[in-house]
Amino acid sequence: ASFGVLGANIPAIIRGLIAVAWYGIQTYLASSAFMILALHFYPSLDAYADVTRHGFAGLSTLGWVAFMVMWVLQALVFWHGMEAIRRFIDWAGPGVYVVMFILCGWLVWKAGWKNIDLNLGGVRFQGWDAVPVMLSAIALVVSYFSGPMLNFGDFSRYGKSFDAVKKGNFWGLPVNFVFFSLLTVLTTAATLPVFGELITDPVHTVGRIDSTTAVVLGALTFMIATIGINIVANFVSPAFDFSNVAPQHISWRTGGMIAAVGSIFITPWNLYNNPQVIHYTLDVLGSFIGPLFGILISDYYLVRKQQVDVDDLYTMGPQGRYWYTNGYNMRAVWTMVPSALIPILCVLIPSWRGAANYAWFIGMGLGFVIYTALNLNNRKS
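In my numbering, the protein residues as written are -1 to 379.
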C-alpha cells in the first residue's frame, strides 16, 4: 500500500539484501562451533585452521569446510518447506536455553558468586554519563531487529489467531530477550575468574571446558540453534522477497538459494572479525531500514487512518487504488532518497560519526516527516 503494488519490491529487495549479509554472518558463527568440535577430536587439523598457512579469502581451509557444511545443512532444512522449519525451531530454541542454563550454572559454581563482577567494560559509567552508552546500545539492538520486524508478516500469517500472535510476540521478544541477555551477561562475567580471561562467545567458552561430553553437546546445540535462528530471520525473508520480484521465474526455493549463494561472496567472516567494519555495516543497514519504517507508519496511521483495501493490494492495474504511477508510489520512492542518504552520510563522514549510532532513528524520523509532508501537500493540491 505504501510503495505501490510494484513499488513494494523496493523495500522487499532492501530487506532481502540485508538478510543475505546477516545470513552469511550467522552461518559463519555456526561454523565456528563445528570447527571447535572438529579440532577437539582431531587436533592434527590445527594447521588447517590457520588462515596464514592454509587459507583463502581470509578464511582457513578448515573454516571453509565448516562454513560449507553449515551452509548445506541450512539449505536442506529450508528446502523441506515452512512446516519442516517450524518443527526444527520448536526444539532448537529450547535446546540452546538448556545448554546456556547448564553452562551458566557450571561457570558460576566454579567461579563462586562473590568472584563475579558484572561490570564487563574497562570504563565505569555513572549517572548521566551512562545515558549515551545505553542509548547507543538500544539503537544497535533496534537496528538489528528492524530487519526481521519488517517482514514479520511472513510468519504472523501462520499464526492461529491475532491473540496467539500477540502472546508470542510478548513472550518471545521483550521477556525472552531480557532474560536471555541477563543469562548471557552472567555467563560471560563468570568466564573471567574461571579461565583468567573474558570470553564473550559462548561457543569458545564451551571449547575451553575439559570435558568431551560437554564440548560435543554444547557445540552441537549451538550449531543447531544458530541454524534455526538463521533460517527464520535471514533465509525465509529473502526467499519471499526475491521470489516476489519475478514470481513467474523465481520460486520460493530459488529465492532462498539466491540468498544463500550470495552470502558466500560477501565473505561474512571478514565482516564479523573486524569490529569497526561490522559496526559500519550495522549503521549503513539501519540507514536503509529506518526510512522504510517511517514511511510505513506515516502511511498506515496518518495517511490511510488504518484503513487498507486488501483486494486492491492484489490488483495489478490502474483500477486498483495502490497502482499509483505504473505501480509505484513516487512519493514513497522520493522520500527514501534523502531519508537514507543523510544517515549514510552520518556513517561515512568522520565529523558526523557521533550521530551514526542513531542512523536507524534518524532515517525513520526523516522518512516519517517527509512522507507525511508530501502527502499533505498532495491533498492540498
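Ideal placement from N, C-alpha and C gives every residue a C-beta, glycine not left out.
Being a predicted model, the structure only gives us computed values, none of them experimental.
What does the alpha-carbon distance come out to for the pair I347 and M132? For I347 and M132, the distance between alpha carbons rounds to 23 Å.
My output table needs one value for Y320: the three-state DSSP class, helix, strand or coil. In the three-state scheme derived from DSSP, where H, G and I count as helix and E and B as strand, Y320 is classed as coil.
Exposure of Y320, with buried meaning 16 or more beta-carbon neighbours within 10 Å: With a 10 Å radius around the Cβ and a threshold of 16 neighbouring Cβ atoms, Y320 comes out buried.
By how many angstroms is the C-alpha of R251 removed from the C-alpha of G79? Those two C-alpha atoms are separated by around 8 Å.
Going by DSSP, what residue range makes up the alpha helix (DSSP H) through S179? Annotation: the continuous alpha helix (DSSP H) that includes S179 extends over 174 to 193.
For L292, does the three-state DSSP call read helix, strand or coil? Before going further, note that residue 292 is Gly rather than Leu in the sequence given. Note: G292 maps to helix in three-state DSSP.
Going by the CB atoms, is the gap between A(-1) and V306 shorter than 8 Å? With a cutoff of 8 Å on beta-carbon distance, V306 and A(-1) are scored as near each other.
What residue range is occupied by the uninterrupted alpha helix (DSSP H) comprising F99? It spans 80 to 109 - the alpha helix (DSSP H) in which F99 sits, taken as one unbroken run.
Per-residue DSSP class, three states only, for L57: Residue state, collapsed to three classes: strand.
Report back the beta-carbon spacing between S235 and R13 to the nearest angstrom; my notes put them in contact at under 8 Å. Contact holds; Cβ gap of about 6 Å.
Does the stretch 261 to 278 touch the stretch 320 to 338, meaning 3 or more C-beta pairs lie closer than 8 Å? In this structure the stretch 320 to 338 does not lie against the stretch 261 to 278, because fewer than three pairs of beta carbons, one per stretch, are closer than 8 Å.
Could you tell me if F150 is buried or exposed, where buried requires 16 or more neighbouring beta carbons within 10 angstroms of its beta carbon? The residue in question, F150, is exposed, as its Cβ has fewer than 16 Cβ neighbours within 10 Å.
What residues match up with Y326 in a beta bridge as DSSP calls it? Y326 pairs with T323.
Considering only their Cβ atoms, is the gap separating L57 from F65 smaller than 8 Å? A contact, by the Cβ cut-off of 8 Å.
Grouping DSSP H, G and I as helix and E and B as strand, with all else coil, what is R251? Note: R251 maps to helix in three-state DSSP.
contact_flag[the stretch 355 to 367, the stretch 311 to 329] where n(CB pairs < 8 Å) is 3 or more: Too few Cβ pairs lie closer than 8 Å, so no.
Sequence-distant residues of its chain with Cβ nearer than 8 Å to I256 (five each side left out): Around I256, the same chain offers P236, F240, I248 as residues with beta carbons nearer than 8 Å, after the five sequence neighbours per side are excluded.
The alpha helix (DSSP H) enclosing H38, as first and last residue numbers: For H38, the enclosing alpha helix (DSSP H) has its first and last residue at 7 to 39.
Using a Cβ distance threshold of 8 Å, determine whether the stretch 22 to 37 contacts the stretch 205 to 217, with at least three qualifying pairs required. In this structure the stretch 22 to 37 touches the stretch 205 to 217; the number of beta carbon pairs closer than 8 Å is three or more.
Could you tell me how far apart the beta carbons of G365 and P273 are, in whole angstroms, since I believe they sit closer than 8 Å? The C-beta separation of G365 from P273 comes to about 29 Å, leaving the pair out of contact by the 8 Å criterion.
The stretch 90 to 104 in contact with the stretch 214 to 222 per 3-pair CB rule at 8 Å: At 8 Å Cβ cutoff, the stretches touch.
Using 8 Å as the threshold, is the C-beta distance between Y419 and I23 below it? There is simply no residue 419 to check, as the chain begins at -1 and stops at 379 in what is shown.
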